[in-house]
Amino acid sequence: MAPPHGDGASAGGRLPLLLDHLPGDLPDFLDRRLLFFGGKGGVGKTTLAAASALGLAARRQRTLLVSTDPAHSTGDILQVQLGSEPRAVVADFWAMEIDPAVEADRYIESVKRRISESVAPRLLDEIERQIDIARVSPGAEEAALFERFTKIIEQEGEGFERIVFDTAPTGQTLRLLSLPELMSTWIGGLISRRKKVTAMGRMWRNVAGSSATEASEEDPVLRALEERRARFHRAREALTDARMTAFVFVLVPERLPIWETEKAVGALSKYGIPVGAVLVNQVLPATPTEEFLVRRKEREAEHLARIERVLGDWPIVRVPLLERDPVGVDALQALAARLATRV
Amino acid sequence: MQGWLERLRRALRAARDIYEGVYIAPYRSTIHREYLRQRDLFFLLGFSDLLGVPNPVQFYTLELYPELIEQFHEWHLRMGMEQAPEGGFRCC
């Protein structure tokens, strides 16, 4: 089993897999078909996305949980093996993990297959070489991930009433969600260029008469580009429809996650993506009892033991949790003094 | 009589050729140049990655290769590159 990561909400350990009765109504923020859980790494978005999805399923909503986080801790916290197709886990609850590398390979294969049908054999090797270069270019996996993502929203997710996406840490996710906007603008530019080419081609054939080769009526390039743009357009519609979609931010009450979430909320509204709720994870009890601390300390001891086991080949330094956030030169210097303590 | 008719026909043909050469041909070549220019521009936008210029939609224009590969050769010749550019299709 892979080491657990990203499960910031560690209290309670394993998730209950069978929720028969949940009290009360659905929280408002879960009242949309497409839910995106995002936030800084390590704040517990995977855990809360899985918990929310299970909560929906317990209310008899056919729910699909999709992890797009390359770290893939969803299978780990659910304690089931997940792949790139939905797997039934409990009643009304399916889960899957999308791997950008696998998606990119899959897309490349499909392009190659189509190409081998329509291209002269002497050019085939060259085209394949070119496509392999594109496979390793920056942005390829991201584009492939987005490709799959739109497919899930449009077709694969059809049988589900709710789709909960557990997304990669904020920066990547924001980029992914902004893709339809950027890409459709660029593709739109290509389309208008292509139309000019077609128009000029027609003029040229008119004046040149039979000396110019006749082109077929329909331009396959234009058709492919327009299909692509329509797809981006539909994805954008779905993402910005507040009746259908909500982005749920997860953070812990600490300085950096707050700062990052603040920026991300701004970025999302720039792209018109509705924010459903902000979940603050790992909030301490109103009056922490000694028993609570003791329990936490026990959990911590287990994790520390694991660190010794898997990372013991390297020097390990334990830095204490402070009462206050170490901010400012003085506080950091004080902290530096404690870095010498080896286990 | 026969020779006279033939001469007239030749003269008319010559007049048409002159007309074509003076008026139509420049127009035609202008149109052709513009057509090629538009086509090249489309290539540049869609496949700038072949010239080493980052292309944000490279992944999506992949599927256009089969339609356009035949034109790629003329394109790089017109762009002043005798050989296919490094990193692009080695079409020649």
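Listed in order, the protein sequences are those of chains P and S.
Using our numbering, you'd call the opening residue of the first sequence number 307 and step up by one each time.
Using our numbering, you'd call the opening residue of the second sequence number 1011 and step up by one each time.
In this text, a Cβ means the ideal position worked out from N, Cα and C, and glycines have one as well.
Computed from a prediction, not measured in an experiment: that's the story for all the values here.
Query                                                                                                                                                                                               : Result
State the CB to CB distance for the pair Phe553/P and Leu585/P, rounded to an integer number of angstroms; the pair is presumed to be in contact (CB under 8 Å).                                    : The pair is not a contact, with the Cβ atoms about 11 Å apart (cut-off 8 Å).
Does the distance from the C-beta atom of Val589/P to that of Pro559/P stay below 8 Å?                                                                                                              : yes
Using 10 angstroms around the beta-carbon of Ile414/P, count the other beta-carbons present and answer buried if the total reaches 16, otherwise exposed.                                           : buried
Please report the residue range of the alpha helix (DSSP H) in which Asp1027/S lies.                                                                                                                : Gln1012 to Tyr1029
Please go through the same chain and pick out, in chain order, the residues whose beta-carbon is closer than 7 Å to the beta-carbon of Arg1019/S, but skip the five residues on each side of it.    : none
Measuring CA to CA, which of Val635/P, Gly477/P, Trp620/P and Arg624/P is closest to Phe555/P?                                                                                                      : Gly477/P
With a cut-off of 8 Å on the beta carbons, I'd call Phe1052/S and Arg499/P a contact; round off their distance for me.                                                                              : 4 Å
In angstroms with no decimal places, state the Cα-to-Cα distance between Gly361/P and Glu462/P.                                                                                                     : 22 Å
According to the neighbour-count rule (16 or more other Cβ atoms, all chains shown, within 10 Å of its Cβ), is Val349/P buried or exposed?                                                          : buried
Just to confirm, is the Cβ distance from Glu447/P to Ala410/P under 8 Å?                                                                                                                            : yes
Is there a C-beta anywhere in chain S that falls below 8 Å from the one on Arg419/P?                                                                                                                : no
Which class does His327/P belong to by DSSP, given the choice of helix, strand or coil?                                                                                                             : Model confidence at His327/P stands at a pLDDT of 46, short of 50, so the residue's coordinates are unreliable; what they give is reported in the following sentence. If DSSP states are grouped into helix, strand and coil, His327/P belongs with coil.
Leaving out five residues before and five after Phe342/P in sequence, what residues of the same chain have Cβ atoms less than 6 Å from its Cβ?                                                      : Phe471, Thr473 and Phe553
If you draw a straight line from the C-alpha of His327/P to the C-alpha of Leu562/P, how long is it?                                                                                                : For His327/P, the predicted structure reports a pLDDT of 46, less than 50, and the residue's modelled location is therefore unreliable. The matter cannot be settled from this model.
Within its chain, find whatever has a CB closer than 6 Å to the CB of Thr504/P; leave out the 5 residues flanking it on each side and keep chain order.                                             : Asp525
At a CB-CB cut-off below 8 Å, which residues of chain S make contact with Gly381/P?                                                                                                                 : Neighbours of Gly381/P on chain S: none; closest Cβ ~27 Å, over 8 Å.
Considering only residues of the segment 380-411 of chain P, which uninterrupted alpha helix (DSSP H) runs meet the minimum length of 4 residues and lie entirely inside it, listed in chain order? : 380-384
Reducing DSSP to helix, strand and coil, say where Leu585/P ends up.                                                                                                                                : strand
Report the option in Tyr1037/S, Leu1022/S, Leu1074/S and Ile1041/S whose CA atom is closest to the CA atom of Phe1057/S.                                                                            : Leu1074/S
Rounded to whole angstroms, what's the CA-CA distance from Thr479/P to Ile437/P? Just pull it up for me.                                                                                            : 26 Å
Would you grab the beta carbon distance between Asp337/P and Arg368/P for me? Rounded to a whole angstrom, and I think it's under 8 Å.                                                              : So it is not a contact: roughly 15 Å between Cβ atoms.
Could you name the residues of chain S that Ser575/P contacts, counting a contact when the two beta carbons are closer than 7 Å?                                                                    : Near Ser575/P there are no residues of chain S at all, since even the closest Cβ is about 23 Å away, more than 7 Å.
Exposed or buried, Glu403/P, counting other C-beta atoms within 10 Å across all chains shown (16 or more means buried)?                                                                             : buried
Tyr577/P: which of Trp510/P, Pro486/P and Glu467/P sits nearest, CA to CA?                                                                                                                          : Pro486/P
Strictly under 8 Å for the Cβ-Cβ distance: is Pro1036/S near chain P by that measure?                                                                                                               : no
So which residues of chain S does Leu488/P contact, with C-beta pairs closer than 8 Å?                                                                                                              : Pro1066
Residues of chain P with a CB under 8 Å from the CB of Tyr1070/S: which are they?                                                                                                                   : Ala449, Met489, Ile493 and Arg534
Could you name the residues of the same chain whose beta carbon sits closer than 7 Å to that of Arg535/P, not counting the 5 residues immediately before and after it, in chain order?              : Ser490, Ile493, Gly494 and Ile497
Under 8 Å by Cβ, that's how I've got Pro1076/S and Ile421/P pegged, so tell me the actual separation to the nearest angstrom.                                                                       : 5 Å
Could you have a look at Thr352/P and say whether DSSP puts it in helix, strand or coil?                                                                                                            : helix
So that I know if they touch, is there some Cβ in chain P lying closer than 8 Å to that of Arg1023/S?                                                                                               : no
Is Lys502/P close to chain S, meaning its C-beta is less than 8 Å from at least one C-beta of that chain?                                                                                           : yes
For Leu610/P, which residues in the same chain have their Cβ closer than 8 Å to its Cβ, ignoring the five residues on either side in sequence?                                                      : Arg624
Can you give the Cα-Cα distance for Val635/P and Ala440/P, rounded to whole angstroms?                                                                                                              : 47 Å
For a cutoff of 8 Å on Cβ pairs, would you count Glu1077/S as touching chain P?                                                                                                                     : yes
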